[in-house]
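Visitor: I'd like to ask you about the structure that follows.
Chains as they are written, first to last, in the working numbering: chain S, 23 to 280; chain R, 1207 to 1535; chain H, 21 to 382.
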């Protein structure tokens, strides 16, 4: 009886979470535009989706920014984490406060402050500004992913490399990086995910000419949901499932001796 | 439209000097280290953060404390307290006969209070719904638990705008729920464009953020503690109240933090699901900036919001000084 | 003054860390093919000294000479020294072979030559066939030998060892001590060894440097440090001792523990307070009628090699080592050969362990 209650409750909550998604997916196959009436099965919205220039362009923008920002943030953040780890207590505390600050700032304030910055410096808002904004909010997360790995590292391995004749750069590339690579990968994936889904900050740091998926959806939502958006949702969900399956597969493989 | 940039040139000079000083510092620290100190690796990041985080904050403060001509003023904050401030000033100047018309406008304050209230409601609902969910999830044997976690994660990764908009399909007057009700013979209910819809949207979006930290702290808990409690004579209720609940407190605090903050500052959800009827603070700020072009007032509001967030954060941090609450990372 | 035969010369080295003096006026020279041990309790600065020589810390002031040249500013990867770190610091992502070959690869030694050298090293440390193993599969002792091989393959002139045997169990530690000594003599390399274990220092070293609180207290070969400690701290740290306050009545006569004892030291003046050190094995138990002083046996502990007895003379409790057991509670006499009484100038805060209270020395 107990178990039933527990399972039932969880099922209810999960149902709550999934209802809108299920509705979206079902609607994507609805031949008609009406949101309540089922007018037959159709794949037309999917083909419309791919023909929609605006959506495809937004998809490109979203993906490219996510990839570039994730890589840039990872490079910047990994170096920063290594540097912060090697600092003495007081400078380290200062750096950590500075790193935590953007994460405590609500995204609307971050977005607005960046908007002010760009306008103030007379930089045209657009792709570049959105990219810069994404790198800015991604990097602290990379740092927070890499730092724990650095703390776990034997503090003498870097010195051992130097002792054996390695220059600091050589030691960084051949000794430190291999050891912290799990943290770096986690940071990279985290940054990528955050960029993909970002709305508020992108909204304030881009121009109507350059839209990412989120800002595009927002502009369409004011007018009303288009069925193509349903198709988009369904596809995204599918992609997500596939991705998670792949990740799960790799995670269940026996972990290398580390 | 955008403010005309009437910043004094000395500010630009100051900024330039500051940057120069920073670059010199970086070069100096490289030279001094002889390759041992890796702390200089963090300089590019420091520079970046100064440029893109600190400077923007300074700019916000600047705009909050000046008027449209760049002169120092506290009027923006006065406007926050009394949204009719400028008009009232006019009335005062025009003479005593107009004093009757002076009325304090509480629009801004009202919206702030409303946002706080909604955020509070949302947090409480998330806590009430989320704690049992986390508890049951953590209670299971390992296999099912991890699958459940994945199931919880998936919706979070889907674009939250789409998910929120999806509720429109359900809640609209011609939406699914109303269609269902109509077919069953009931009247259609006004489900959208009110604060109930907004609250629903908020809970929907933020519930996982409450569940995860609580789940993490529950799973981190040593099950031997429960056995010890029972060994000492505590029944299930006792065990929960005296052992599980206190130990999961860091997770709860973390969850509250991760739900309350975004709830206060959200602007998308009230706009989409509430229409024009439910303006929240995030809405207000966005409005001031983009619709009205009033950067000064908008910045003042942003500053106020940031201060509020910082206060709530420090209060919450007192309750969990070691930051043990399981975060998202 | 730089002597040509000094391989390493530390002159007036001082190191400050956040306003605390970690090393004060360190003067030390190390000769070729010498086995030198820096000995002292935790926090005495011995590891810091080692790291300064290795290049991982820079002295706040003072000169560091290597073969006569000032290397104070030289980074570690340019110095002709190699270090064995406390927890070995093996590279976890490389196997045994690659770990050992690390330095050789950087020096751009041709692959064929690397293979030969690494194999020779594996033979030297008795790990033939372990090349392909991953380092976390090795035991502590094996990891340590890989660390040694990794350092020695580069044929450094000086090997720095930072408490390398600390993590090993007793028997292994003793074997490794002999092993390291043998290696050092066979290869003719200078070893600079850091430890807090005085027995280890005495076993392996040509020269022992006793340090405390950032200063050098005594430098000498093991026998002289043991037999003629320079002050109470050294005496207490090296070997076991009874240390007491006494009064030098006149040359060759000292009073402590309520009795007068003839001794061999002179030049302290008359009626001067001094520190007196007597080793437990130097106190002879005799009949209570012929001893210089009498006491009651408080406790007896069997230590395998000898019995350790605590004998209370009323004024002092002496620790005595003897192969003959005296029953607890028995009344015995104690006698000390004058030569075995060591007198030294009193320290600011003398160590008085025999009186039942451990006071911190320094």
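Where a beta carbon is used, it is the ideal one built from N, C-alpha and C, also for glycine.
Report the option in R/1467, R/1493, R/1494 and R/1448 whose CA atom is closest to the CA atom of residue 1326 of chain R.
Guide: The shortest C-alpha separation from residue 1326 of chain R is found at R/1467.
Visitor: Output the distance between the C-alpha atoms of residue 126 of chain S and residue 155 of chain S, rounded to the nearest integer angstrom.
Guide: Cα-Cα distance, rounded: 16 Å.
Visitor: Could you round the C-beta distance between residue 179 of chain S and residue 109 of chain H to whole angstroms and report it? I think they count as a contact, below 8 Å.
Guide: The Cβ separation is near 5 Å, so the contact holds.
Visitor: Given that residue 28 of chain S touches chain R, what residues does it touch there, using C-beta distances under 7 Å?
Guide: The contacting residues are 1342 and 1345.
Visitor: Got a sec: which bits of the segment 70 to 102 of chain S sit with their beta carbon under 8 Å from any beta carbon on chain R, in order along the chain?
Guide: Answer set for the segment 70 to 102 of chain S: 98, 99, 101 and 102.
Visitor: Please state whether DSSP places residue 211 of chain H in a helix, a strand or coil.
Guide: Of the three classes helix, strand and coil, the one that applies to residue 211 of chain H here is strand, per DSSP.
Visitor: Assuming residue 26 of chain H is part of the beta strand (DSSP E), what are its boundary residues?
Guide: Counting along the chain, the beta strand (DSSP E) containing residue 26 of chain H begins and ends at 26 to 37.
Visitor: Between the C-alpha atoms of residue 1532 of chain R and residue 1474 of chain R, what's the straight-line distance to the nearest angstrom?
Guide: Confidence at residue 1532 of chain R is low in this model, with a pLDDT of 42, below 50, so its placement is unreliable and the value that follows should be read with caution. Roughly 27 Å between the two C-alpha positions.
Visitor: Considering only the beta carbon of each residue, do residue 142 of chain S and residue 1364 of chain R sit closer than 9 Å?
Guide: Cβ atoms of residue 142 of chain S and residue 1364 of chain R: not closer than 9 Å.
Visitor: Who are the neighbours of residue 197 of chain S on chain H, taking C-beta pairs under 7 Å?
Guide: Near residue 197 of chain S (Cβ distances below 7 Å), the residues of chain H are 111.
Visitor: Report yes or no: is there a C-beta of chain H within less than 9 Å of the C-beta of residue 135 of chain S?
Guide: Residue 135 of chain S does not count as touching chain H.
Visitor: Given this structure, state the Cα-to-Cα distance separating residue 1270 of chain R from residue 1298 of chain R, to the nearest angstrom.
Guide: Their backbone Cα atoms lie some 24 Å apart in a straight line.
Visitor: Establish whether the CB of residue 179 of chain S and some CB of chain H are separated by less than 9 Å.
Guide: Cβ-Cβ to chain H under 9 Å: yes for residue 179 of chain S.
Visitor: Kindly say whether residue 270 of chain S, judged by its beta-carbon, lies nearer than 9 Å to any beta-carbon of chain R.
Guide: It does; some Cβ of chain R falls within 9 Å.
Visitor: Can a CB atom of chain R be found closer than 9 Å to the CB of residue 263 of chain S?
Guide: Yes - at least one Cβ of chain R is within 9 Å of the one on residue 263 of chain S.
Visitor: Below 9 Å between beta carbons: does that hold for residue 1479 of chain R and residue 1491 of chain R?
Guide: No.
Visitor: Run through DSSP, which three-state label would residue 327 of chain H get?
Guide: The answer is strand: DSSP assigns residue 327 of chain H an E or B state.
Visitor: Taking beta-carbon pairs under 7 Å, can you tell me which members of the segment 146 to 177 of chain S lie near chain H?
Guide: Cβ contacts with chain H: 176.
Visitor: Which residues in the same chain as residue 350 of chain H place their Cβ atom closer than 8 Å to its Cβ, once the five residues preceding and following it in sequence are excluded?
Guide: Hits under 8 Å: 316 and 317.
Visitor: What are the uninterrupted segments assigned as beta strand (DSSP E) that are 3 or more residues long and contained completely in the segment 1300 to 1373 of chain R, given in chain order?
Guide: Listed in chain order, there is nothing to give.
Visitor: Given a cut-off of 9 Å on the beta-carbon distance, is the pair residue 55 of chain H and residue 204 of chain H in contact?
Guide: The answer is yes: Cβ separation under 9 Å.
Visitor: How big is the Cα-Cα spacing for residue 16 of chain S and residue 1295 of chain R?
Guide: Any answer about residue 16 of chain S is impossible in this case: the structure gives chain S only from 23 up to 280.
Visitor: Mind listing the chain H neighbours of residue 248 of chain S? Cutoff is C-beta to C-beta under 8 Å, in chain order.
Guide: Those within 8 Å of residue 248 of chain S in chain H number zero; the least Cβ separation is about 51 Å.
Visitor: Would you list, in sequence order, the uninterrupted beta strand (DSSP E) runs of no fewer than 3 residues that lie entirely inside the segment 235 to 262 of chain S?
Guide: Runs of the beta strand (DSSP E) inside the segment 235 to 262 of chain S: none found.
Visitor: Name the chain S residues whose beta carbon is nearer than 7 Å to that of residue 123 of chain H?
Guide: In chain order: 186 and 187.
Visitor: I'd like to know whether the C-beta of residue 132 of chain S is nearer than 9 Å to at least one C-beta of chain R.
Guide: Cβ-Cβ to chain R under 9 Å: yes for residue 132 of chain S.
Visitor: Take the Cβ of residue 34 of chain S as the centre, count every other Cβ of all protein chains shown within 10 Å, and call the residue buried at 16 or more, exposed below.
Guide: Exposed is the call here.
Visitor: Use the C-beta contact count for residue 1428 of chain R: other C-beta atoms within 10 angstroms, 16 or more gives buried, fewer gives exposed.
Guide: With fewer than 16 Cβ atoms within 10 Å of its Cβ, residue 1428 of chain R is classed as exposed.
Visitor: Decide if residue 269 of chain S is buried, meaning its Cβ has at least 16 other Cβ atoms within 10 Å, or exposed.
Guide: Exposed, because fewer than 16 other Cβ atoms sit within 10 Å of the Cβ of residue 269 of chain S.
Visitor: Could you work out which residues of chain S lie near residue 1360 of chain R, taking near to mean beta carbons separated by less than 9 Å?
Guide: Chain S residues near residue 1360 of chain R: 39, 40, 43, 259, 262, 263 and 266.
Visitor: Does the beta-carbon distance from residue 53 of chain S to residue 63 of chain S come in below 9 Å?
Guide: In this structure, residue 63 of chain S lies closer than 9 Å to residue 53 of chain S by Cβ.
Visitor: How about residue 33 of chain S: is its C-beta nearer than 9 Å to some C-beta of chain H?
Guide: For residue 33 of chain S, the answer is no, since every Cβ of chain H falls outside 9 Å of its Cβ.
Visitor: For residue 230 of chain S and chain R, any beta-carbon pair shorter than 9 Å?
Guide: It does not: the Cβ of residue 230 of chain S has no partner Cβ on chain R nearer than 9 Å.
Visitor: When we look at the beta-carbon of residue 243 of chain H and count the other beta-carbons within 10 Å, is it buried (16 or more) or exposed?
Guide: Label assigned to residue 243 of chain H: exposed.
Visitor: Who are the Cβ neighbours of residue 146 of chain H in its own chain at under 8 Å, not counting the five residues just before and after it?
Guide: Correct list, in chain order: 165.
Visitor: So which of H/81, H/77, H/73 and H/97 has the shortest CA-CA distance to residue 87 of chain H?
Guide: Of the listed residues, the one whose Cα sits closest to residue 87 of chain H is H/73.
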